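A.B. asks: Okay, handing you the structure first.
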Amino acid sequence: MSGAVAGAVLAGWPVVAEPSMVLPLQVGVDAVGEFVFGLLLWVLEQWHWALEWAYHFTGIEMLNPDYRYMHRAILVGLCIGVMAPLIGTFLVHRQLALIGDALAHTAFAGVAVGLFLNAVIDLGVSPYLTAVVVAMIAALLIELISEVTDAYNDVSMAIVLSTGFALGTTLISLNAGGLAVGVNQYLFGNLATVSPTSAAILLVLFVVIVATVTVTRNQLLYVTFDETAAAVSGIPVNWYNRITVMLTAMVVVGAMQIMGVILVAAMLVVPVAGATQVSRSFSESLIVSVVLAEIAVSLGIAVSFYAGVTAGGVIVLVAVGIYVCAVALGKVQSARGEQATPHMGSIEADSVDASAGSGDD
9 MSGAVAGAVL AGWPVVAEPS MVLPLQVGVD AVGEFVFGLL LWVLEQWHWA LEWAYHFTGI
69 EMLNPDYRYM HRAILVGLCI GVMAPLIGTF LVHRQLALIG DALAHTAFAG VAVGLFLNAV
129 IDLGVSPYLT AVVVAMIAAL LIELISEVTD AYNDVSMAIV LSTGFALGTT LISLNAGGLA
189 VGVNQYLFGN LATVSPTSAA ILLVLFVVIV ATVTVTRNQL LYVTFDETAA AVSGIPVNWY
249 NRITVMLTAM VVVGAMQIMG VILVAAMLVV PVAGATQVSR SFSESLIVSV VLAEIAVSLG
309 IAVSFYAGVT AGGVIVLVAV GIYVCAVALG KVQSARGEQA TPHMGSIEAD SVDASAGSGD
369 D
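Residues 9 to 369 (this note's numbering) make up the sequence shown, in order.
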């Protein structure tokens, strides 16, 4: 620090940072960003190499090195198969299954904002980034409306859904730079449009979601099954509710790449609904739902590639088929006298474990 700056600080005057003080910070931020992005691209390259090796070993056509977009689509699909049921399990047990649909429509508004800004002022930002920002703001608004107005969650979700879709359609109707054409891939999903940048964004969202759920799993579980007891024990319920909806917004935007806005909410609900038919506890339901989601995504992407149909629709149809099979299996288990669905004893046991490990008592 120079003598002039030191004197100004001692005198209590406001100090304007010298360029030499600002530039190192900016350079440091840029260096970190470049390092993270470079690391993500390296991960993608290793994934491409692994699938190319698998192609030479198995001969499966969709793993052909010439179809790198399919490599990225498979990676995105596998990540979605983990993220969606991981968050969806908490949502289904809290009877918030429709929040995914609400956030999907606001994510559509975020995409429209990104396309509009790129067309009007040549901002050069990925629409998926603007979708993440808008969807997370919408998620917080859903919670805020419920807390401030004492309205039921479905009321706040309906308000945010309508507002988000109205904003998106308004921006699209302006047709700045042909927005109506470019938005189709976001509405219905498209395997061929999964770029390295969007795949990198998905990987970041995947790490954030999995890490957050891993760290806060006990608190989220306690809040899910007994919100009142969680509040009494000292857990900040409102904050964990906000964490849940913000993670949901991230999942929605990540899954939107191949599922599309219209069908993205299905992956939050259908695999979880199927898992609850054949599981005996919350933890088992969580694991089974991830397995079912991965099966649906893998089969859906494969059928989409070979049949030339939209991936999102096929994935949902496969997931619904798996759900029907799970219901039938659950009925068979019940007929044999086995407990097929999570019962109160297992739920209470999970909740007790959560409260014991929460650290907020």
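Note that CB positions come from ideal geometry on N, CA and C, so glycine has one too. Just so it is clear, the structure is predicted and the values come from calculations on it, not from any experiment.
1) At the level of alpha carbons, what is the spacing between T318 and V215?
2) Would you say G308 and V332 are within 8 Å of each other, going by their C-beta atoms?
3) Measure the alpha-carbon distance for A348 versus V100 and round it to whole angstroms.
4) When you compare each of G172, Y77, T97 to T256 by their alpha carbons, which one comes out closest?
5) Taking the runs of the beta strand (DSSP E) that are 3 residues or longer, which of them lie wholly in the region 191-250?
6) Return the chain-ordered list of same chain residues with a C-beta closer than 8 Å to the C-beta of F173, the five sequence neighbours on each side being excluded.
7) Closest by CA to I167, which one among S181, A147, L182, L179?
8) Measuring straight from C-alpha to C-alpha, what distance separates T220 and P93?
9) Check whether the Cβ atoms of A334 and Q265 lie closer than 8 Å to each other.
10) Go to P279, then tell me how far its alpha helix (DSSP H) extends in each direction, as first and last residue.
11) What residues in its chain sit with their C-beta under 7 Å from that of T205, if we drop five residues either side in the sequence?
12) How do the region 277-297 and the region 239-250 stand: do at least 3 beta-carbon pairs fall below 8 Å, yes or no?
13) Pull up the distance between the alpha-carbon of A238 and that of V231, whole angstroms please.
14) Are the CB atoms of A120 and I180 nearer to each other than 8 Å?
15) Put Q7 into one of helix, strand or coil per three-state DSSP.
16) Can you tell me whether R76 is helix, strand or coil according to DSSP?
17) Consult DSSP for T252 and reduce its assignment to one of helix, strand or coil.
18) Nearest-angstrom Cα distance between T224 and V163?
19) Would you identify the three-state DSSP class for D130, choosing helix, strand or coil?
20) Give the range of the alpha helix (DSSP H) segment to which I295 is assigned.
21) Enumerate in chain order the residues of its own chain whose CB-to-CB distance from V84 is below 7 Å, with the five nearest sequence positions on each side excluded.
22) Can you tell me the Cα-Cα spacing of V322 and A336, whole angstroms?
23) Nearest CA to the CA of E222: which residue from G197, T252, R76?
24) With a Cβ-Cβ cutoff of 8 Å, do L47 and D109 count as a contact?
25) In angstroms, rounded to a whole number, what distance separates the CA positions of W50 and E42?
26) Quick one: Cα of D130 to Cα of Q341, how far?
27) So, at 6 Å on beta carbons, what are the nonlocal neighbours of L213 in its own chain, with the 5 sequence-adjacent residues on each side left out?
28) For L195, which residues from the same chain have a beta carbon less than 8 Å from its beta carbon, with the 5 sequence-adjacent residues on both sides left out?
29) Leaving out five residues on either side along the sequence, give the residues of the same chain with a beta carbon under 8 Å from the beta carbon of N249.
30) In this structure, how does DSSP classify T318 when only helix, strand and coil are distinguished?
31) If you draw a straight line from the alpha carbon of A364 to that of G89, how long is it in whole angstroms?
32) At what residues does the alpha helix (DSSP H) containing I68 begin and finish?
33) Whole angstroms are fine: how far does the CA of Y63 sit from the CA of L276?
34) Could you check which residue in A274, R288, F290 has the C-alpha nearest to that of G329?
35) Would you tell me roughly how many angstroms separate the C-alpha atoms of W422 and L294, rounded to the nearest one?
C.D. replies: This is what the structure gives:
1) 27 Å
2) no
3) Only weak support exists for where A348 lies, its pLDDT of 44 falling under 50; the coordinates are left without a value.
4) T97
5) none
6) H113, T114, F116, A117
7) A147
8) 14 Å
9) no
10) 274-284
11) S134
12) no
13) 6 Å
14) yes
15) Outside the modelled stretch of the chain, which goes from 9 to 369, sits residue 7, for which no answer is possible.
16) helix
17) helix
18) 27 Å
19) coil
20) 290-315
21) V202, A207, L210, Q265, I266
22) 21 Å
23) According to the sequence as given, residue 222 is Thr; it is not Glu. It is T252.
24) no
25) 12 Å
26) 59 Å
27) M258, G262
28) F116, G268, V269, I270
29) E151, V231
30) coil
31) Since pLDDT at A364 reaches only 45, below the 50 mark, its modelled position is unreliable, and no value is offered.
32) Per DSSP, I68 belongs to no alpha helix (DSSP H) and is neither H nor E.
33) 31 Å
34) A274
35) The requested residue 422 does not occur in the structure, where the chain is confined to residues 9 to 369.
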